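Shown next, in structure tokens, is the structure this report addresses.
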Amino acid sequence: MFMSVKTILRMGDPRLLRIARPVTEFNCAALDQLICDMFDTLQAASGVGLAAPQIAIDQRVVVFGFDHNPRYPDAAAVPRSVLINPVIEILSADREDSWEGCLSVPGMRGLVPRYKHIRYTGFDATGEPLAVAASDFHARVVQHECDHLDGVLYPQRIRDFSQFGFSDELLAAERLPAQPCTD
Ligand code: NI
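If you read the sequence shown in my numbering, its first letter stands for residue 9, the second for the next number, and so on.
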């Protein structure tokens, strides 16, 4: 399988606003190639997660995970994962505000509330069902990536737009703590 780094769509492209279609065929070369392309693209961008719509593929597929990311040295490892046709179940009403970024919104960060404890179900590339409980940053990444499948970008989740800006300005003003973001 060839390495293939795809162009990541940026906010404003209407393809990021679609409700993506469920995957209906598993264990096939097209799906394997898509997942390979997504991991290649994610790695090239040093990101922690990517959704298929971000590379213009209208399918409910997300990938995420890393052992150690130099951009987010304090982030706990998240297992490298493929999640297809995901469903998120909220396990508690607890929400937490944290800074997020997105590869489709380059150079910016915003403070976004997310549920702290979730359970997600879906399928892997072979069609095997999976069910995982996730908390904190892991749960945040999954919520962020799954939002992409419903055409939602994190700026739409920001409650206070004074807490949104360019990463370098936020860093210069020491408003951006050394904590993980999601892109
Ligand atoms: Ni994103």
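Glycine residues also receive a C-beta, built at the ideal position from the N, C-alpha and C atoms. A quick note: this is a predicted structure, and the numbers were derived from the prediction, not measured.
- By DSSP's assignment, glutamate 108 forms a beta bridge with Gly118.
- Contact annotation, tyrosine 123 with valine 95: C-beta distance approximately 14 Å; criterion of less than 8 Å not satisfied.
- With fewer than 16 other beta carbons inside 10 angstroms of its own, alanine 139 counts as exposed.
- In this structure arginine 68 is buried. Its beta-carbon is surrounded by 16 or more other beta-carbon atoms within 10 angstroms.
- Membership of isoleucine 63 in any beta strand (DSSP E) is not indicated, and neither H nor E is assigned to it by DSSP.
- Looking at the backbone, the Cα of phenylalanine 47 and that of proline 87 are separated by about 13 Å.
- Membership of glutamate 153 in the alpha helix (DSSP H) is indicated by the continuous run 144 to 157.
- Leucine 91 sits in a strand when the DSSP states are folded into three classes.
- Ranked by Cα distance from leucine 17, the first of Gly173, Ala180 and His156 is His156.
- With a threshold of 16 other beta carbon atoms within 10 Å, methionine 11 falls short and is exposed.
- Beta-bridge partners assigned by DSSP to alanine 139: Thr129.
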